[in-house]
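Comments concern the structure below.
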Amino acid sequence: MYAFRRLLYLPLSLLLLSLVCFGLQLITPGDPVLQLLPPAESRLGTEDPAAYDVVYRRAAASLDYDLPLFYFSLTNAALPDTLHRILRPEERTMLRALTLNCGDWPAVARYYRELRYLAYPRQPDSLLVGQAEASPLARRLLLQDDPQDIANIVGQLAGNPRATALVEAHAGLEMGQRRGRLLLPAFRWWGLDNRYHRWLGRVLRGDFGHSYLDRRPVGHKIWAAAKWTALLNGLALLVVYLVAIPLGLLTAARAGSRFDRVMTFLLFLLFGIPSFWIATLVTNFFTTPAYGMDFFPSMGFGEIPSGADWWTVLRIRTSHLFLPVLCLAYPSWAYVSRHLRRSALHELGQAYIKTAKLKGLTGRQILWGHVLRNASFPILTLLGAMLPALLAGSVLIERIFNLPGMGQLLYNSAVGRDWPVVIALVLLNGLLTAAGLLLADLSYSLADPRVRLGSERPNPSTAG
866 MYAFRRLLYL
876 PLSLLLLSLV
886 CFGLQLITPG
896 DPVLQLLPPA
906 ESRLGTEDPA
916 AYDVVYRRAA
926 ASLDYDLPLF
936 YFSLTNAALP
946 DTLHRILRPE
956 ERTMLRALTL
966 NCGDWPAVAR
976 YYRELRYLAY
986 PRQPDSLLVG
996 QAEASPLARR
1006 LLLQDDPQDI
1016 ANIVGQLAGN
1026 PRATALVEAH
1036 AGLEMGQRRG
1046 RLLLPAFRWW
1056 GLDNRYHRWL
1066 GRVLRGDFGH
1076 SYLDRRPVGH
1086 KIWAAAKWTA
1096 LLNGLALLVV
1106 YLVAIPLGLL
1116 TAARAGSRFD
1126 RVMTFLLFLL
1136 FGIPSFWIAT
1146 LVTNFFTTPA
1156 YGMDFFPSMG
1166 FGEIPSGADW
1176 WTVLRIRTSH
1186 LFLPVLCLAY
1196 PSWAYVSRHL
1206 RRSALHELGQ
1216 AYIKTAKLKG
1226 LTGRQILWGH
1236 VLRNASFPIL
1246 TLLGAMLPAL
1256 LAGSVLIERI
1266 FNLPGMGQLL
1276 YNSAVGRDWP
1286 VVIALVLLNG
1296 LLTAAGLLLA
1306 DLSYSLADPR
1316 VRLGSERPNP
1326 STAG
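Every position in the sequence shown, counted from 1, becomes a number in the numbering used here once 865 is added.
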């Protein structure tokens, strides 16, 4: 029942995460439409502005940029309910600023209509008197939202016969002040036909869009990198627990001894050394022949020969993964072992441990058969937090060792401003965080079947 309730909370967490990722997608720098246009169509911006405008508007509509952002909006009453249909962001910004300045959308719409007609004529410039001089200035006006700058440019067009209608529309813009509407709010309900709803639907189907850098589907790029990150982090997590659990139990059993003090010092020393620094050192000293210690391959996961047997595959993969797995795992040894030590010390002072000793059980049997089971709650909780932490740490490790995983993909995408890939990886990392926390909670019942999830944890002193 507890697992069912937690699974009900999971969609809510993912919904909030999707809102954050969608918001990040909106505020990322750059114009996604421009980044997705092929080079041949991008060059039309200088060669044929009218054709480029058509291409741009078609591409923006294919990305659902002609739809409202969300299910509802709370805006100024002076703004129209069709402003989202203006696909060029600079033009939409200009129209919004002009409307919020005068409050008269009909006058602004007339000015915009005449402006676009002059900026992108349907006939060649050679057939229209004064068009060659007017069109560049009109296209400049499409980028202007300051009233004074607009008035200066319109003044340059005053004597042009092709710009008469635009000059009159601008004059009407200055005279048609309806500032009273600027004081009123407007709530608009858009329903399901909005950008967020369509984006969320595509994400749920596994469609994260296309990469800006190579036009490949984002899902394909992530899937190709995820298997390597899963292998790297899975091995690192295994090494963390294989080392930290015995150390935690042994230091608890020998608390205050020289062994305990030495291991505590060494573990905290490792914990304080940045893993990326150690990774840089070992790649310089242990992977190059310059220092006479060329023990490991330097980069990648290794090339597997065609028809290689399992032993060859294991040898190649182990030689390439040993250093990155070690660098990724060692910072967590102190973290996990100290939590386990503290919990084990509490258990060792309980009455059931004395009973176990009276029954003749050895110290090893008590540690591994009784203490570990009851002291495992902290390390199970840490399991849920370590999954996303390992993913975050693998960004630098994969970069240093040139491993083609999700960390390397995230770094390259962030540097190249490939925002669809970055947003998808952030969403995936949040999903793993939520799944890890759920896994940690469910692991409680596996560690001790007497625990009833969703209720208070039983007092350890009553455990036998």
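Ideal Cβ placement from N, Cα and C applies to all residues, glycine included.
**OP:** Could you pull out every residue in the same chain whose Cβ sits closer than 7 Å to the Cβ of Leu-1232, ignoring the five residues on either side in sequence?
**Re:** The count along the sequence shown starts at 1 and reaches residue 1232 at position 367. Result list for Leu-1232: Leu-1114 and Ala-1118, in chain order.
**OP:** Determine the burial state of Glu-1028: buried for a count of at least 16 other Cβ atoms within 10 Å of its Cβ, exposed for fewer.
**Re:** Sequence index remark: in the sequence shown, residue 1028 carries index 163 (1-based). Checking the displayed sequence, the identity of residue 1028 turns out to be Ala instead of Glu. Label assigned to Ala-1028: buried.
**OP:** Give every residue of the same chain whose Cβ lies closer than 7 Å to the Cβ of Ile-951, excluding the five residues on either side of it in the sequence, and list them in chain order.
**Re:** Translated into positions along the sequence shown, residue 951 becomes position 86. Within the same chain, Ile-951 has close Cβ partners Arg-957 and Leu-960.
Original post:
When the Cα atoms are used, what is the spatial distance from Phe-1161 to His-1185?
Top reply: By one-based count along the sequence shown, residue 1161 stands at place 296. By one-based count along the sequence shown, residue 1185 stands at place 320. Phe-1161 and His-1185: Cα-Cα distance of roughly 7 Å.
Subject >> Length-filtered (4 minimum) alpha helix (DSSP H) runs lying within the stretch 1138 to 1197 >> reply: 1140 to 1150 and 1175 to 1194
**OP:** Excluding the 5 residues preceding and the 5 following Leu-1292 in the sequence, name in chain order all residues of the same chain whose CB lies nearer than 6 Å to its CB.
**Re:** Here residue 1292 refers to the residue found at position 427 when the sequence shown is read from its first residue. Closer than 6 Å at the Cβ level, and outside the excluded window around Leu-1292, lie Cys-886.
Subject >> Extent of the continuous beta strand (DSSP E) to which Pro-904 belongs >> reply: Working through the sequence shown from its first residue, we reach residue 904 at position 39. Element bounds for Pro-904: not the beta strand (DSSP E) but the alpha helix (DSSP H), 904 to 907.
**OP:** Entirely within the stretch 1023 to 1085 and at least 3 residues each: give me those beta strand (DSSP E) ranges in chain order.
**Re:** 1050 to 1054
Original post:
Do the CB positions of Ala-984 and Arg-1004 come within less than 8 Å of each other?
Top reply: Working through the sequence shown from its first residue, we reach residue 984 at position 119. Working through the sequence shown from its first residue, we reach residue 1004 at position 139. In contact: Ala-984 and Arg-1004 (Cβ atoms closer than 8 Å).
**OP:** In angstroms with no decimal places, state the Cα-to-Cα distance between Pro-1154 and Trp-1088.
**Re:** Locating residue 1154 in the sequence shown gives position 289, counting from the first residue. Locating residue 1088 in the sequence shown gives position 223, counting from the first residue. Their backbone Cα atoms lie some 35 Å apart in a straight line.
**OP:** Please classify Leu-932: does DSSP put it in a helix, a strand, or coil?
**Re:** Stepping through the sequence shown from its first residue, residue 932 is reached at position 67. In this structure, Leu-932 counts as coil in the three-state DSSP scheme.
Original post:
Between Asp-1072 and the rest of its own chain, which residues show a CB-CB distance below 7 Å, the 5 nearest in sequence each way excluded?
Top reply: The residue you call residue 1072 lines up with position 207 of the sequence shown. The residues are Gly-1084.
Original post:
For Leu-1290 versus Leu-1275, is the C-beta spacing smaller than 8 Å?
Top reply: One-based indexing of the sequence shown puts residue 1290 at position 425. One-based indexing of the sequence shown puts residue 1275 at position 410. Cβ distance < 8 Å, so Leu-1290 and Leu-1275 count as in contact.
**OP:** Express the C-alpha separation of Ile-1244 and Ser-1208 in angstroms, rounding to a whole number.
**Re:** Against the sequence shown, residue 1208 aligns to sequence position 343. Against the sequence shown, residue 1244 aligns to sequence position 379. Distance between the alpha carbons of Ser-1208 and Ile-1244: 9 Å.
Original post:
Less than 8 Å separating the beta-carbons of Ala-1194 and Ala-1095?
Top reply: By one-based count along the sequence shown, residue 1194 stands at place 329. By one-based count along the sequence shown, residue 1095 stands at place 230. The answer is no: Cβ separation not under 8 Å.
Subject >> Whole-number beta carbon distance between Leu-1205 and Ile-1110, since they are thought to touch under 8 Å >> reply: By 1-based counting over the sequence shown, the position of residue 1110 is 245. By 1-based counting over the sequence shown, the position of residue 1205 is 340. Right, the Cβ-Cβ distance comes to about 6 Å (below 8 Å), so this counts as a contact.
Subject >> Residue range of the alpha helix (DSSP H) that includes Asn-1345 >> reply: In the structure as shown, the chain begins at 866 and stops at 1329. Residue 1345 is therefore absent and cannot be evaluated.
**OP:** Specify the secondary structure class of Pro-1135 as computed by DSSP and reduced to three states.
**Re:** Reading the sequence shown from its first residue, position 270 is the one you call residue 1135. Per the sequence shown, the amino acid found at residue 1135 is Leu instead of Pro. Residue state, collapsed to three classes: helix.
**OP:** Examine the Cβ distances between the stretch 958 to 977 and the stretch 1005 to 1019 and report whether three or more of them are shorter than 8 Å.
**Re:** yes
**OP:** Would you mind sorting Val-919 into buried or exposed? The rule is 16 or more other CB atoms within 10 Å of its CB.
**Re:** As a working mapping, residue 919 is identified with position 54 in the sequence shown. Per the 10 Å Cβ criterion, exposed.
**OP:** State the CB to CB distance for the pair Ala-1050 and Phe-1136, rounded to an integer number of angstroms; the pair is presumed to be in contact (CB under 8 Å).
**Re:** Mapped onto the sequence shown, residue 1050 falls at position 185. Mapped onto the sequence shown, residue 1136 falls at position 271. Note that residue 1050 is Pro in the sequence shown, not Ala. So it is not a contact: roughly 54 Å between Cβ atoms.
**OP:** Check whether the Cβ atoms of Leu-1296 and Leu-879 sit closer than 8 Å, and answer yes or no.
**Re:** Counting from 1 along the sequence shown, the entry for residue 1296 is found at position 431. Counting from 1 along the sequence shown, the entry for residue 879 is found at position 14. Yes, they are a contact pair.
Original post:
Expressed to the nearest angstrom, what Euclidean distance is found between the alpha-carbon atoms of Ala-1090 and Ser-1163?
Top reply: Residue numbering aside, residue 1090 sits at position 225 when the sequence shown is read from its first letter. Residue numbering aside, residue 1163 sits at position 298 when the sequence shown is read from its first letter. Ala-1090 and Ser-1163: Cα-Cα distance of roughly 19 Å.
Original post:
Cβ of Thr-1145 within 8 Å of Cβ of Ile-1265?
Top reply: Working through the sequence shown from its first residue, we reach residue 1145 at position 280. Working through the sequence shown from its first residue, we reach residue 1265 at position 400. Yes, these two residues count as a Cβ contact at 8 Å.
**OP:** Give the C-beta separation of Gly-1270 and Leu-1097 to the nearest angstrom, bearing in mind that I take them to be a contact with Cβ-Cβ under 8 Å.
**Re:** Counted from its first residue, the sequence shown places residue 1270 at position 405. Counted from its first residue, the sequence shown places residue 1097 at position 232. Going by Cβ atoms, the distance from Gly-1270 to Leu-1097 rounds to 6 Å, so yes, they are a contact pair.
**OP:** Look up Asn-1267 in the DSSP assignment and say whether it is helix, strand or coil.
**Re:** Your numbering for residue 1267 matches position 402 in the sequence shown. In the structure shown, Asn-1267 sits in coil (DSSP, three-state: anything other than H, G, I, E or B).
**OP:** With a cut-off of 8 Å on the beta carbons, I'd call Lys-1092 and Val-1286 a contact; round off their distance for me.
**Re:** Within the sequence shown, the letter at position 227 stands for residue 1092. Within the sequence shown, the letter at position 421 stands for residue 1286. Lys-1092 to Val-1286, Cβ: 16 Å. No contact.
**OP:** Check whether the stretch 926 to 934 touches the stretch 887 to 905, counting contact only when three or more Cβ pairs, one atom from each stretch, lie closer than 8 Å.
**Re:** yes
Original post:
If we call anything under 8 Å between Cβ atoms a contact, is Asn-941 one with Leu-1047?
Top reply: Mapped onto the sequence shown, residue 941 falls at position 76. Mapped onto the sequence shown, residue 1047 falls at position 182. Yes. Within cutoff.
**OP:** Could you spell out the range, first to last residue, of the beta strand (DSSP E) harbouring Thr-1341?
**Re:** Outside the shown range of the chain (866 to 1329) lies residue 1341, about which nothing can therefore be said.
**OP:** Measure the CB-CB distance between Ile-1288 and Leu-889 and report whether it falls below 8 Å.
**Re:** Looking up residue 1288 in the sequence shown gives position 423. Looking up residue 889 in the sequence shown gives position 24. Contact: yes.
Original post:
Any idea if Arg-1238 is buried or exposed, counting beta-carbon neighbours within 10 angstroms, 16 or more meaning buried?
Top reply: Taking the sequence shown and counting its residues from 1, the one referred to as residue 1238 is at position 373. Per the 10 Å Cβ criterion, exposed.
Original post:
Under 8 Å between the Cβ atoms of Gly-1167 and Ile-1181?
Top reply: Residue numbering aside, residue 1167 sits at position 302 when the sequence shown is read from its first letter. Residue numbering aside, residue 1181 sits at position 316 when the sequence shown is read from its first letter. Yes, the pair counts as a contact, with Cβ atoms nearer than the cut-off.
Original post:
Terminal residues of the continuous alpha helix (DSSP H) containing Pro-945?
Top reply: For the purposes of this step, residue 945 is identified with residue 80 of the sequence shown, where counting begins at 1. Element bounds for Pro-945: n/a, residue is neither H nor E.
Original post:
What is the DSSP secondary structure of Gln-1013, counted as helix, strand or coil?
Top reply: The residue given as residue 1013 occupies position 148 in the sequence shown. Here Gln-1013 sits in helix by DSSP.
Original post:
By a C-beta neighbour count over all protein chains shown, 10 Å radius and 16 as the cutoff for buried, is Met-1128 buried or exposed?
Top reply: By 1-based counting over the sequence shown, the position of residue 1128 is 263. Buried is the call here.
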